[in-house]
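Asks: Position 385, counted from 1, in the first sequence is what numbering that gives the first Met the number 0 calls 384; the numbers after and before it change by one each time, with no gaps.
We put the beta carbon where it would ideally sit given N, CA and C, even for glycine.
Below you will find the structure I want to go over with you.
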Amino acid sequence: MAKELTSKEDNYSQWYNDLVIKADLAEYSAVRGCMVIKPYGYAIWEKIQAALDGLFKKTGHLNVYFPLFIPKSFLSKEAEHVEGFAKECAVVTHYRLKNDPGGKGLIVDPEAKLEEELVIRPTSETIIWNTYRNWIQSYRDLPILYNQWANIVRWEMRTRLFLRTTEFLWQEGHTAHATREEAIEETMKILEIYTRFAEEYMAVPVIKGLKTESEKFAGAVDTYCIEALMQDGKAIQAGTSHFLGQNFAKAFEVTFTDKNGKLDYVWATSWGVTTRLIGALIMTHSDNNGLIIPPKLAPIHVVIVPIYKNETQRLQIAVKAEQIKKMLEEKGLSVKFDNRETHKPGWKFAEYELKGVPVRLAIGPKDYDDNTVEIARRDTLEKKTLPQEGIESYIEDLLTEIQQNIFQKALAFRDANTFKADNYDEMKDILNKKGGFISAHWDGTPETEKKINEETRATIRCIPLVNESSEGKCIITGKPSKQRVLIARGY
RNA sequence: CGGGGUGUGGCGCAGUUGGCUAGCGCACUUGCUUUGGGAGCAAGGGGUCGUGUGUUCGAGUCACACCACCCCGACCA
Numbered sequence: 000m001a002k003e004l005t006s007k008e009d010n011y012s013q014w015y016n017d018l019v020i021k022a023d024l025a026e027y028s029a030v031r032g033c034m035v036i037k038p039y040g041y042a043i044w045e046k047i048q049a050a051l052d053g054l055f056k057k058t059g060h061l062n063v064y065f066p067l068f069i070p071k072s073f074l075s076k077e078a079e080h081v082e083g084f085a086k087e088c089a090v091v092t093h094y095r096l097k098n099d100p101g102g103k104g105l106i107v108d109p110e111a112k113l114e115e116e117l118v119i120r121p122t123s124e125t126i127i128w129n130t131y132r133n134w135i136q137s138y139r140d141l142p143i144l145y146n147q148w149a150n151i152v153r154w155e156m157r158t159r160l161f162l163r164t165t166e167f168l169w170q171e172g173h174t175a176h177a178t179r180e181e182a183i184e185e186t187m188k189i190l191e192i193y194t195r196f197a198e199e200y201m202a203v204p205v206i207k208g209l210k211t212e213s214e215k216f217a218g219a220v221d222t223y224c225i226e227a228l229m230q231d232g233k234a235i236q237a238g239t240s241h242f243l244g245q246n247f248a249k250a251f252e253v254t255f256t257d258k259n260g261k262l263d264y265v266w267a268t269s270w271g272v273t274t275r276l277i278g279a280l281i282m283t284h285s286d287n288n289g290l291i292i293p294p295k296l297a298p299i300h301v302v303i304v305p306i307y308k309n310e311t312q313r314l315q316i317a318v319k320a321e322q323i324k325k326m327l328e329e330k331g332l333s334v335k336f337d338n339r340e341t342h343k344p345g346w347k348f349a350e351y352e353l354k355g356v357p358v359r360l361a362i363g364p365k366d367y368d369d370n371t372v373e374i375a376r377r378d379t380l381e382k383k384t385l386p387q388e389g390i391e392s393y394i395e396d397l398l399t400e401i402q403q404n405i406f407q408k409a410l411a412f413r414d415a416n417t418f419k420a421d422n423y424d425e426m427k428d429i430l431n432k433k434g435g436f437i438s439a440h441w442d443g444t445p446e447t448e449k450k451i452n453e454e455t456r457a458t459i460r461c462i463p464l465v466n467e468s469s470e471g472k473c474i475i476t477g478k479p480s481k482q483r484v485l486i487a488r489g490y
């Protein structure tokens, strides 16, 4: 009663906003377009970081940290890159404030103007490649496989919690290679890592694909992505991996001597995922009762709620709860025993459902007498009473099952909302009625792509990598097409 | 930047044609009773009504200006 969520069916976008706020993941800050990520939301981000960081390290990547500030001149060195980011850069022009002589607080000191203005990084390719120039002389210095966890600023016109904010957190990998083949291999390797992470940890099924010319990263030769489908039928890009060719090496004069003594430009990749993943996570699984968090990313796996009528029972049950908590922790699970006396059990049940804790245990007087425990799973809302004996292995298995179940559910949803369209009217009809992924033939031209976007507000999300090649005709122009592309309205 | 909307205790809102003491729900504090699906009763604390100027005997209410935020578009992960 205290916290009513707007229902998904009623207003999806409001449901999402309510959920983020009421589950205490994040809130709006005093700064327009920027959010405060609260402990529970940040805990999910930390889980994401830990898992991805492990996958990066296993494949030989190391973490570094580059500055937040980028000299303005760096950005302009790669022509397409400037074009892509110029419109959304925050710029530092001064380095000092002073008291207003008129007595009205602080003003920017006009004496303290920077000789060269600094851009707050919208991405770090330029400063990193400017630095890599000094680190690379020979093929022996390659490859460089670095990543950084950082914050980024892109001055967005319209923002939404986690999905699009002016400042956001991400990881950006920047690698340098001796050959084109090796750089492409790296690009694909990372795409695989992202796919695995999305599906195995986030339980979000994704489509691997290649971005079209007009959708690719400014400065890349090829941009690969993973695309997921949200419950409202809109697509979201969950990660990108770019093959940068020699574009940045040329812009920053990064050359190396190869085995044959020949001078060449270095080959590059960059790749990233952002706090937007949290938005995708929410929109893939959650329901009208609140969040559903996959066990592998849940800050709390199991919550234990005690139920009692008097002090004797409270103490007895607390002892039992602590025992169970300890057994579960020995299995490596994160367990919260909510023994607050300030809230009633019913309140706690609702609260942890809202927060998406995968498993809830309730122990009351009856359970105490019978050596049982009531176990409730968040994904299906099923409740069972089971013996305390062996509960820890049961829960371990249950968490695995929940992880699989929500993935399967999301996969089934995506499959049920992926449609083939063989003409333009059919496509528009699907878009307007239910949304979802539309698989259709496209003649490959930017003009047709633009027309689709302008007339339907949908975009070509990607050219799927796993794709039966099928001859067909472009749904707009009727020109021949060799394969279908994935079209959807997106976030 | 265009269109729409909202600013009133921490949150969500009501407040009539200007009228005397600014109210309701939630949250908060204290006490008692409660505790297996968001408890009940009682008592209490908390407000420059977004800002400024004006009209008026009198402004939360009317006028003008400004500011902030939210939603919908164009841009984007």
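Out of curiosity, what's the CA-to-CA distance linking Gly40 and Leu296?
Replies: Cα-Cα distance, rounded: 11 Å.
Asks: Count the C-beta pairs between the region 413-433 and the region 309-327 that are closer than 8 Å, then say yes if the count reaches three, no if not.
Replies: Touching, no.
Asks: Can you give the beta carbon distance from Leu290 to Lys354, rounded, assuming they're within the 8 Å contact cut?
Replies: 6 Å between Cβ atoms; contact.
Asks: Which first and last residues belong to the beta strand (DSSP E) in which Val90 is found?
Replies: Segment 90-93, the beta strand (DSSP E) holding Val90.
Asks: Between Gln13 and Tyr367, what straight-line distance do the alpha-carbon atoms span, to the nearest angstrom?
Replies: C-alpha separation (whole angstroms): 42 Å.
Asks: Name the two residues that bound the continuous beta strand (DSSP E) containing His176.
Replies: Run containing His176: 166-176, per the beta strand (DSSP E) assignment.
Asks: With DSSP run on the structure shown, which of helix, strand or coil describes Asn98?
Replies: It is a strand residue.
Asks: In this structure, how does DSSP classify Pro109 when only helix, strand and coil are distinguished?
Replies: In this structure, Pro109 counts as helix in the three-state DSSP scheme.
Asks: My understanding is that Ala89 touches Val152, with C-beta atoms under 8 Å, so please give their C-beta distance in whole angstroms.
Replies: Contact holds; Cβ gap of about 5 Å.
Asks: From Trp128, Pro121, Val205, Tyr11, pick the residue whose C-alpha is nearest to that of Leu410; which is it?
Replies: Nearest option by C-alpha distance: Val205.
Asks: State the DSSP-derived secondary structure class of Asp23, mapped to helix, strand or coil.
Replies: Residue state, collapsed to three classes: coil.
Asks: So which of Glu82, Gln230, Ala234, Val220 has the shortest CA-CA distance to Lys207?
Replies: Looking at the Cα atoms, Ala234 is the closest of the given residues.
Asks: Is it true that the CB of Val302 sits closer than 8 Å to the CB of Asp337?
Replies: Contact: yes.
Asks: By how many angstroms is the C-alpha of Glu328 removed from the C-alpha of Ala375?
Replies: Rounded to the nearest angstrom, the two C-alpha atoms are 18 Å apart.
Asks: Which residue or residues does DSSP assign as beta-bridge partners of Ser72?
Replies: DSSP output for Ser72 lists no bridge partner at all.
Asks: Inspect the beta-carbon positions of Ala202 and Ala279 and report whether they are closer than 8 Å.
Replies: Cβ distance not < 8 Å, so Ala202 and Ala279 don't count as in contact.
Asks: Could you check where the beta strand (DSSP E) with Val358 kicks off and where it finishes?
Replies: Run containing Val358: 358-362, per the beta strand (DSSP E) assignment.
Asks: Identify the residues that DSSP records as bridge partners of Met34: which are they?
Replies: Met34 is bridged to Tyr27.
Asks: Which class does Phe247 belong to by DSSP, given the choice of helix, strand or coil?
Replies: Helix at Phe247.
Asks: For the region 142-149 against the region 174-186, are there 3 or more C-beta pairs whose distance is under 8 Å?
Replies: Verdict: yes, contact present.
Asks: Output the distance between the C-alpha atoms of Asp263 and Asp9, rounded to the nearest integer angstrom.
Replies: Looking at the two C-alpha atoms, the distance is approximately 58 Å.
Asks: Quick one: complete alpha helix (DSSP H) runs, 4+ long, within the region 321-407?
Replies: Segments of the alpha helix (DSSP H) lying fully in the region 321-407: 344-353, 364-369.
Asks: If you draw a straight line from the C-alpha of Asn333 to the C-alpha of His241, how long is it?
Replies: Strictly speaking, residue 333 in this sequence is Ser, with Asn absent from that position. Rounded to the nearest angstrom, the two C-alpha atoms are 36 Å apart.
Asks: Using the C-alpha atoms, what's the distance from Tyr423 back to Met156?
Replies: Cα-Cα distance, rounded: 31 Å.
Asks: What is the residue span of the alpha helix (DSSP H) that Lys478 lies within?
Replies: Looking at the DSSP string, Lys478 is not in any alpha helix (DSSP H), and its letter there is neither H nor E.
Asks: Please return the same chain residues whose Cβ sits closer than 8 Å to the Cβ of Leu113, not counting the five positions on each side in sequence.
Replies: Closer than 8 Å at Cβ, skipping near neighbours: Val91, Thr92, His93, Tyr94.
Asks: Just tell me which of Ile69, Ala149, Pro305 has its CA closest to the CA of Glu115.
Replies: Nearest option by C-alpha distance: Ile69.
Asks: In angstroms, rounded to a whole number, what distance separates the CA positions of Asp286 and Leu24?
Replies: If I take the Cα positions, the gap works out to 16 Å.
Asks: Return yes when the Cβ of Gly271 is within less than 8 Å of the Cβ of Asn246, no when it is not.
Replies: It is not a contact, given that the beta carbons lie outside the stated cut-off.
Asks: For Ile474 and Ala439, I'd like the C-alpha separation in whole angstroms.
Replies: C-alpha separation (whole angstroms): 7 Å.
Asks: May I have the straight-line CA-CA distance separating Arg456 from Lys383, to the nearest angstrom?
Replies: Distance between the alpha carbons of Arg456 and Lys383: 47 Å.
Asks: Would you kindly report the start and end of the unbroken alpha helix (DSSP H) that includes Asp221?
Replies: Per DSSP, Asp221 belongs to no alpha helix (DSSP H); it is in the beta strand (DSSP E), 221-228.
Asks: Would you mind reading off the limits of the beta strand (DSSP E) that contains Gly208?
Replies: Per DSSP, Gly208 belongs to the beta strand (DSSP E) from 206-209.
Asks: Under the assumption that Ile135 contacts Val253 (Cβ atoms under 8 Å), give the Cβ distance between them as a whole number of angstroms.
Replies: The Cβ separation is near 6 Å, so the contact holds.
Asks: Take the Cβ of Leu380 as the centre, count every other Cβ of all protein chains shown within 10 Å, and call the residue buried at 16 or more, exposed below.
Replies: Flag for Leu380 reads exposed.
Asks: Which of the three DSSP states is assigned to Pro298 in this structure?
Replies: Reduced to three states, the DSSP call for Pro298 is coil.
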